[in-house]
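Residues in the sequence shown are numbered from 2 upward in steps of one, following the working numbering.
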Amino acid sequence: MTSTETALITGCSEGGIGSALALVLQQLSKAFLNVTTLTLDVVKSADIKAAVELVTKKTGGTFNYLINNAGRNHFMPILDEDLDVVRKLVEINFYGPLAITQTFAPLLLKAKGMAVFITTVSGYINVPYMGRTNVKLEGTYAASKRSLELAAETLRLELAPFDVDVLEVVTGGVKSRGQTYFDDFKLLEKSLYKSIEDVIASRAQGKDQLLRMETAEYAAAVADKIKVLD
């Protein structure tokens, strides 16, 4: 670790994993003394271009950690999916991180840094039933995140000759504002799962009594894994 290091974290909405991780890096590591916020929608090329220009200017064209955290959860039986919604989900969870990584790769290469991908255990549990509620129904979400993992695993091999590390953080249950997206969760009237809509909704909203890690605790564990803490 050098005396000063830089990291870019996507998806830093208040109350989420990204903002918690930013706070941990700032508070627990002398290498990260300042925090700069910027607008960055990972599916907007103009935002990505502006972000890399700003980071390049502030860091002299190099930085140490790219933390791809931005993403969106999604609950819906596959037969009930609106494919336009699924395309948007894949755009955010898969294409977005790839676009960010491609654009910022020259800065990481210069620093021999690390690309981090926040992924999920859902990518390994490709069945509809899990947990005390016995309902998951995250098929397309799981597919979007597993696709990202496969890309990251390949990227690790591609960047190894250039001394750039790639880390996947396979995430389980974490308390965050992600559950608030599903306050109005509804299934189609014709859905095969309509009779258990309330059970699925409770899972999506985080009201299923499953244990979830505190966001700050999770962020500290991730920071330790990427070896940026003193």
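Heads up, the beta-carbon is just placed ideally off N, CA and C, and yes, glycines get one too.
Measuring CA to CA, which of the options is closest to residue i?
i	options	result
K59	N70, N69, D48, L9	L9
R204	S192, V175, E215, L193	V175
K111	D81, D164, V91	D164
T5	I119, V44, V43, T63	T63
Quick one: residues in its chain with C-beta nearer than 6 Å to the C-beta of residue i, no 5 flanking neighbours on either side, listed in chain order?
i	result
V25	A220, A221, A224
G198	Note that residue 198 is Glu in the sequence shown here, rather than Gly. Within the same chain, E198 has close Cβ partners L188.
G19	I10, G12, C13, N70
T121	K146, T172
Measuring straight from C-alpha to C-alpha, what distance separates residue i and residue j?
i	j	result
T37	T104	19 Å
V217	V86	Residue 217 is actually Ala in this sequence, not Val. Taking the straight line from one Cα to the other gives about 31 Å.
G12	A202	24 Å
L151	F186	30 Å
Q27	T7	11 Å
V53	V117	17 Å
T57	P107	10 Å
A21	F183	21 Å
D81	Y142	14 Å
L138	A51	37 Å
L158	G61	27 Å
R88	L212	31 Å
L84	E169	27 Å
Would you mind stating whether residue i and residue j have Cβ atoms separated by less than 8 Å?
i	j	result
G140	I227	no
L109	L67	yes
V167	L160	yes
N65	M115	yes
I49	R73	no
F76	L149	no
P98	V43	yes
CB-CB under 7 Å to residue i, same chain, minus the five flanking residues each way: which ones, in chain order?
i	result
R147	G124
A23	I10, C13, V36
L55	L39
V91	S145
Using a Cβ-Cβ cut-off of 8 Å (strictly less than) and excluding sequence neighbours within five positions of residue i, which residues of its own chain qualify?
i	result
S46	A100
K195	L188, L189
K113	F163, D164, V165
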